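Heads up: the sequence shown is residues 53 to 758, going by my numbering.
Ideal Cβ positions, reconstructed from N, Cα and C, are used throughout, including at glycine.
Since the model is a prediction, treat every value here as computed from it, not as a measurement.
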Amino acid sequence: MQIWPGRPYPLGATFDGTGINFALYSSVAERVELCLLDDDGTETRVEVTEVDAHVWHAYLPGGQPGQRYGYRVHGPYDPAAGHRCDPSKFLLDPYAKAIDGQIDGDPSLYSYDFEDAGARNTTDSLGHTMSSVVINPFFDWGYDRPPNHEYHESVIYEAHVKGLTKLHPGIPEEFRGTYAGLAHPVVIEHLTTLGITAIELMPVHQFVNDPHLQEKGLTNYWGYNTIGFFAPHNGYASYGTRGEQVQEFKSVVKAMHEANIEVILDVVYNHTAEGNHMGPTLSFRGIDNASYYRLVDDDKAHYFDTTGTGNSLLMRSPHTLQMIMDSLRYWVEEMHVDGFRFDLASTLARELHEVDRLSAFFDIIQQDPVISQVKLIAEPWDVGEGGYQVGGFPPLWTEWNGKYRDTVRDFWRGEPSTLGEFASRITGSSDLYEHTGRRPVASINFVTAHDGFTLRDLVSYNEKHNEANGEGGADGESHNRSWNCGVEGPTDDPKITRLRLRQKRNFLTTLLMSQGVPMIAHGDELGRTQEGNNNVYCQDNELSWVDWDLDEERTALLEYTRKIVQLRKDHPVLRRRRFFAGSAEHGGESEIGDIEWFTPAGEHMADEDWGVSYARSVMVFLNGQAIPEPDARGERIIDDSVLGLLNADGKAIEFTLPDASFGSSWVTVLDTATPKPVAKKRAPGSTIRVEGRSTIILMQPAEEAQ
């Protein structure tokens with residue numbers, strides 16, 4: 053076999069039309085073997101002799117896309133010193149653009165003996181692990197252009213590739229649960245008629261199916277166990293895993309863009325699937341353990357873990373930072389995605405042990421001409437000390453607002469002394485974001501997400517029911533801020549059923565009426581249930597998949613969700629780009645009249661009103677004539693004014709509308725006590741009965757105000 057020297061850049065395997073360049077970084081390697089696999093699994097080892105600045109490289113003339121390969125790295129195996137090179141392990145290329153196969157949990161994947169952890173296990177892992185695949189990078193993108201929705205226009209839909217599509221009857225069976233299913237017209241139509249502007253996909257980077265879950269007959273369904281930061285997960289491919297998954301994923305992005313929908317990826321750069329010191333040797337560990345992972349300073353045989361998964365990537369390492377940035381740019385430039393949601397982002401920001409707002413990761417993102425221009429969403433916490441950083445990320449970043457979720461849940465289940473914070477959350481959380489120069493759109497507002505109860509379960513269960521996970525109920529969050537409305541789980545009681553419907557509509561209305569960026573979890577608009585399981589990370593079955601068989605009640609919820617999303621889209625006053633004038637406290641009583649707060653009696657809220665422990669009802673006025681930002685052409689924005697009547701009390705309350713200075717007439721557009729309210733005109737000072745635990749939204753047409 054003829055081998056040429058090749059080049060040290062770019063890293064990974066690059067097909068140029070006439071051959072393949074291979075480049076692998078390892079600062080500790082003494083020898084590197086490139087391992088080429090035939091279709092029958094026969095391995096051909098090629099000595100890589102060229103090395104520049106710790107990058108080992110070679111060129112294979114005549115090499116073609118579809119070639120499977122891996123590496124064997126010879127070097128020190130000294131766990132106490134942080135080194136774990138092991139040439140008996142067939143290793144994935146960290147820059148692999150596609151990956152074939154899956155691990156099977158065989159003992160050969162581990163560099164130690166199961167019976168004696170101190171003894172080496174040099175059994176060859178080939179045949180029990182995954183292999184890297186050379187891809188053809190060429191794809192006909194046609195006239196693909198990113199939608200480039202501004203944040204304030206965005207409605208994000210968090211979805212799982214398989215979970216969203218597996219049960220859809222309109223998708224051909226062979227495409228269900230795959231990228232091709234996600235790109236199918238029936239899915240696109242659902243998203244567009246719902247009013248979604250961006251789909252946020254749960255992990256599609258190649259991940260590992262944990263052996264301990266496989267032993268229990270379960271699987272890693274969510275995918276937060278990445279092993280390939282450049283490769284689309286092969287388990288979602290419908291017609292091949294020798295690079296076909298790359299083409300198929302690109303087709304998803306192209307189809308979404310044609311429908312004016314952005315694609316955002318949930319990415320897991322904080323750790324890898326190799327786990328702690330007892331984990332398998334699949335890639336990074338066997339290539340250059342100490343360069344890729346954070347090790348305990350005085351005990352380098354162990355990993356510093358702020359993710360709860362066994363390891364954390366070493367963000368101080370320039371080569372780790374390079375890999376992450378190369379990965380991000382690849383997904384933007386080559387795969388055309390529009391942004392990223394960073395899982396456990398606080399871990400990425402850690403320099404030593406603390407979360408540093410000016411860490412190397414933030415600096416390198418800030419100066420990057422590609423990544424700084426896409427949507428950047430942080431999950432602003434990890435499990436390490438000081439890891440809860442809601443409001444602590446720098447400009448450019450938006451954040452999953454966990455305080456929004458918690459406060460809105462508490463308000464609608466009737467917790468005392470929540471009214472003041474509730475007002476702050478629904479008006480954009482200026483107390484969290486304004487001090488860093490950010491605007492309301494820094495807040496990604498959500499009530500539910502993949503992690504936790506679905507919306508239907510949030511109003512149906514007081515306790516988690518995770519027995520199917522096989523962990524004795526020890527997994528999943530125990531403090532869910534949920535309320536079952538009187539009965540745990542399913543019920544035929546019509547009173548409780550009606551209350552649960554109101555609560556679901558309350559949550560959706562609050563979410564879409566709040567300043568900031570709303571995020572809906574897939575299936576919540578359809579009344580999806582997980583039967584009280586709030587941690588379906590290992591449930592790849594009907595429990596976690598979206599059920600598309602809709603009855604009358606679930607169809608009505610879908611129609612209501614479409615209506616409320618459209619209402620937000622039609623009215624700029626509901627999606628402002630700037631905070632309201634006034635103080636951050638209680639959402640900002642305004643000096644220029646862009647927002648005002650009233651008691652149910654129609655009187656201005658006084659300071660003491662906010663602190664009353666039993667106060668669960670409030671009226672808020674949003675002035676459509678006082679929107680401070682101009683439109684895209686620099687013209688003044690004039691919109692209908694909005695009056696929101698929110699009653700989280702268990703009893704009905706008579707609300708008195710404000711006097712004529714706030715509006716000459718009001719029309720009901722939404723009432724969560726009924727899916728189809730009567731559009732009746734209301735005069736200033738008149739009273740409206742608001743049912744217990746319900747919301748009424750009224751509007752005054754802009755032309756009447758003028």
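Going by DSSP, Thr562 is part of the alpha helix (DSSP H) stretching over 546-565. Apart from the 5 residues on each side of it in sequence, Glu226 sits with its Cβ closer than 7 Å to the Cβ of Ser290 in its chain, given in chain order.
About 6 Å separates the CB atoms of Asn536 and Ser512; that is less than 8 Å, so the two are in contact. In this structure the stretch 143-157 touches the stretch 177-186; the number of beta carbon pairs closer than 8 Å is three or more. CA-CA distance, Gln374 to Ser364, rounds to 16 Å.
Partner residues in the beta bridge of His257, as assigned by DSSP, are Pro284. Between Ile339 and Leu243, the C-beta gap is not smaller than 8 Å, which leaves the two residues out of contact.
Along the stretch 468-496, the alpha helix (DSSP H) occurs as fully enclosed runs of 4 or more residues at 471-478, 482-485, listed in sequence order.
Cβ neighbours of Arg688 within its own chain (closer than 7 Å, five residues either side excluded): Pro682.
Taken atom to atom, the span from the alpha-carbon of Asn261 to that of His323 is near 15 Å. Under the criterion of beta carbons closer than 8 Å, Phe631 and Gly480 qualify as touching, at roughly 6 Å. By the CB criterion at 8 Å, Val569 and Ile208 fall inside the cutoff.
Exclusion of the five residues before and after Leu722 leaves Thr561, Lys615, Ile616, Leu619, Pro729, Thr747, Ile748, Ile749 as the residues of its chain whose Cβ lies within less than 8 Å of its Cβ. The beta carbon of Arg552 sits closer than 7 Å to the beta carbons of Val511, Ser512, Cys537 from its chain, once the five residues preceding and following it are set aside; these are given in chain order. In this structure, the CA atom of Val84 is about 12 Å from the CA atom of Lys141. Counting only runs of 3+ residues, the beta strand (DSSP E) found wholly inside the stretch 326-407 occupies 351-355, 391-394, in chain order. Each of Gly118, Ala307, Ala475 was checked against the Cα of Gly194, and the nearest Cα belongs to Ala307.
Segment contact: the stretch 91-99 against the stretch 125-138, fewer than three CB-CB distances shorter than 8 Å; contact not assigned.
The continuous beta strand (DSSP E) containing Pro113 extends over residues 107-113. Residue state for Ser693 is assigned as strand, using DSSP reduced to three classes.
For Val239, the enclosing alpha helix (DSSP H) begins and ends at 237-246. Residue burial annotation: Gly391 is buried, with at least 16 other C-beta atoms found within 10 angstroms of its C-beta.
Secondary structure at His204: helix, using DSSP grouped into helix, strand and coil. Straight through space, the alpha carbons of Glu82 and Val407 are spaced by roughly 35 Å.
For Met308, the enclosing alpha helix (DSSP H) starts and ends at 296-310. Between the beta-carbon of Glu310 and that of Tyr231 there is about 15 Å, and that puts the pair past the 8 Å contact cut. Its Cα nearest to that of Val598, the residue Thr581 stands out among Phe67, Thr581, Asp483, Met671. DSSP places Val617 inside the alpha helix (DSSP H), whose first and last residues are 604-622. Taking a cut-off of 8 Å on C-beta distances, the stretch 423-442 touches the stretch 386-400, as three or more cross pairs fall below it.
Rounded to whole angstroms, the gap between the alpha carbons of Ala725 and Glu660 is 29 Å. As computed with DSSP, Tyr123 is found in a beta bridge with Leu86, Leu143.
Residue environment: Glu540 is assigned as exposed (fewer than 16 neighbouring CB atoms within 10 Å of its CB, all protein chains considered).
The stretch 279-297 makes no contact with the stretch 102-115, as fewer than three CB pairs between them are under 8 Å. If you draw a straight line from the Cα of Trp383 to the Cα of Asn497, it is about 25 Å long. A direct Cα-Cα distance of roughly 56 Å separates Asp545 from Ser160. With respect to the C-alpha of Ala65, the residue from Ser79, Leu144, Cys137 having the closest C-alpha is Leu144.
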